[in-house]
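Visitor: The structure is given below, and queries will be raised subsequently.
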Amino acid sequence: MGIKFLYFKPPLNFLGIDSFNKLEESKFVVIPVPFDSTESYKSGQREAPLAIIKASYHIDSLFDPRTGEEAYKKGIYTTPEIEVVRGDVEKTLKRIEEVVKEVVSLNKIPILLGGEHTISLGALRALSKDVCFVSLDAHADLRDELEGSKVNYGTFVRRIVEEGRKVVEIGVRSISKDEFEFSQGVENLKIFYKWDFNEDFTSTLKKVIEEIQGKKVYLSIDFDVLDPSLAKSVAHPEPDGFSWNELIRILNTVASTSKIVGFDVVEIIPDGLGEELAAKLIYKLISWI
Numbered sequence: 061m062g063i064k065f066l067y068f069k070p071p072l073n074f075l076g077i078d079s080f081n082k083l084e085e086s087k088f089v090v091i092p093v094p095f096d097s098t099e100s101y102k103s104g105q106r107e108a109p110l111a112i113i114k115a116s117y118h119i120d121s122l123f124d125p126r127t128g129e130e131a132y133k134k135g136i137y138t139t140p141e142i143e144v145v146r147g148d149v150e151k152t153l154k155r156i157e158e159v160v161k162e163v164v165s166l167n168k169i170p171i172l173l174g175g176e177h178t179i180s181l182g183a184l185r186a187l188s189k190d191v192c193f194v195s196l197d198a199h200a201d202l203r204d205e206l207e208g209s210k211v212n213y214g215t216f217v218r219r220i221v222e223e224g225r226k227v228v229e230i231g232v233r234s235i236s237k238d239e240f241e242f243s244q245g246v247e248n249l250k251i252f253y254k255w256d257f258n259e260d261f262t263s264t265l266k267k268v269i270e271e272i273q274g275k276k277v278y279l280s281i282d283f284d285v286l287d288p289s290l291a292k293s294v295a296h297p298e299p300d301g302f303s304w305n306e307l308i309r310i311l312n313t314v315a316s317t318s319k320i321v322g323f324d325v326v327e328i329i330p331d332g333l334g335e336e337l338a339a340k341l342i343y344k345l346i347s348w349i
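In terms of my numbering, the sequence shown is numbered consecutively and its last residue is 349.
Right, here's the structure in full:
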C-alpha cells in the first residue's frame, strides 16, 4: 500500500511557480548554499537561501515593461540545498565546485544563494580561467590570513587573485593597509572604490566597462555593497554604500557589456527586508542575461 502524495507541498523553487521550472527546459539553475562557518562576527547567513526563495514568491509582477518579457519563461530550476560541511570550508568549496561544474556542463547558468561570500571561490574553481570575477562588495577581502585561516570570507578574493584569475572589485570602501599594499601593482586585480563613484559615477562606470567588455564574467553581489539604510542585516555594514538605483545601474551595465556565465548573492542575514530585495535583484538579473 503506497502513499498518495495529494496534499504535500512540492519542493521549494525560486518564484514558486508550477511552470518553466524543469531542469531540461531551464536556462538558469538556482543553487542554495547555506554556509556561514567562517564568519567571525555575525552569523545567520546560512538562513538566507531559504528566505530568499520564499521571498521570491512575493514578487508582485513577473513582467518587465522595459524589456517586454516575462523572464521566468527562460526557465529557472532550483536544486535542493547543497549539503555543506559545517566547520570545513575546503570540503564545502569542493562540493560547490562539483555542483557548479555539473550545472555548467549542461549549458545552464548557475545562480548561487549564500551563505557567506567565501562560496564564490568554490563556484569559480568550476569555471575556466578566462572567466573574470566581478565582485560588488564594501570590503576588499584581500587579507592573506584572518584568525589563523587562509580561506574565509576575508581572504578568499586574495586566493582568487593568486590562482591567476582576473578580478574586478566594485564599491569597496573598507580596506586594510596590508590589503591596499598587496593590491598595488597586481596586474590581474582592479579595484573601483566607492569614492571613485562619488566623485564621478558615469566616468567610473565607463572604466568598469573597459575592464569587462566582451569578457565572460562570474558576478558576485555581497549585500553590504548597499548602504546600511537598505541592507541593515549584514555581518559587516559600512556607511556610504550604493543606493538601490546605483546598484541597478551598475548591474545592468555589467550584464549588457559582458557575458555573465553565473552569479551569486551573498552575506544576507534575513531580517524581512534583505531577502525581499535579494529576490527582486536576482529576478532583474535573470531578465537581463
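C-beta atoms are modelled at their ideal positions from N, C-alpha and C, and glycine is treated no differently. Because the structure is a prediction, the values reported are computed rather than measured.
Return the residue from the list Thr317, Glu84, Tyr117 that minimises the CA-CA distance to Gln273.
Guide: Scanning Thr317, Glu84, Tyr117 for the CA closest to the CA of Gln273 turns up Thr317.
Visitor: What does Tyr278 pair with, by DSSP beta-bridge criteria?
Guide: Phe193, Gly322
Visitor: Under 8 Å, with one C-beta from each stretch per pair, do the region 180-200 and the region 208-225 reach the 3-pair mark?
Guide: yes
Visitor: Between Ala186 and chain D, is there a C-beta pair that is closer than 9 Å?
Guide: This model lacks chain D altogether; it includes just one protein chain.
Visitor: Could you give the distance in angstroms between the alpha-carbon of Glu259 and the alpha-carbon of Arg233?
Guide: 14 Å
Visitor: Rank Val326, Glu270, Ala131, Val90 by C-alpha distance to the C-alpha of Ile171 and give the top, closest one.
Guide: When only C-alpha atoms are compared, the closest one is Val90.
Visitor: Within its chain, find whatever has a CB closer than 7 Å to the CB of Glu141; leave out the 5 residues flanking it on each side and keep chain order.
Guide: Pro92, Pro94, Pro109
Visitor: Inspect the beta-carbon positions of Ile169 and Leu122 and report whether they are closer than 9 Å.
Guide: no
Visitor: From Trp348, Ile346, Lys340, pick the residue whose C-alpha is nearest to that of Tyr117; which is it?
Guide: Lys340
Visitor: Grab the span of the beta strand (DSSP E) containing Ile136 for me, first residue to last.
Guide: Looking at the DSSP string, the run of the beta strand (DSSP E) that includes Ile136 is 136-138.
Visitor: Return the CA-CA distance between Met61 and Gly104, expressed in angstroms with no decimal places.
Guide: Note on Met61: pLDDT 45, under 50, position unreliable in the model; the coordinate value appears next. Looking at the two C-alpha atoms, the distance is approximately 42 Å.
Visitor: Around the C-beta of Glu229, are 16 or more other C-beta atoms found within 10 angstroms, so that it is buried, or is it exposed?
Guide: buried
Visitor: Val160 to Thr152, Cα distance in whole Å?
Guide: 12 Å
Visitor: Consult DSSP for Ile179 and reduce its assignment to one of helix, strand or coil.
Guide: helix
Visitor: Run the CB neighbour count on Gly135, radius 10 Å, all protein chains shown included, and call it buried at 16 or more, exposed below.
Guide: buried
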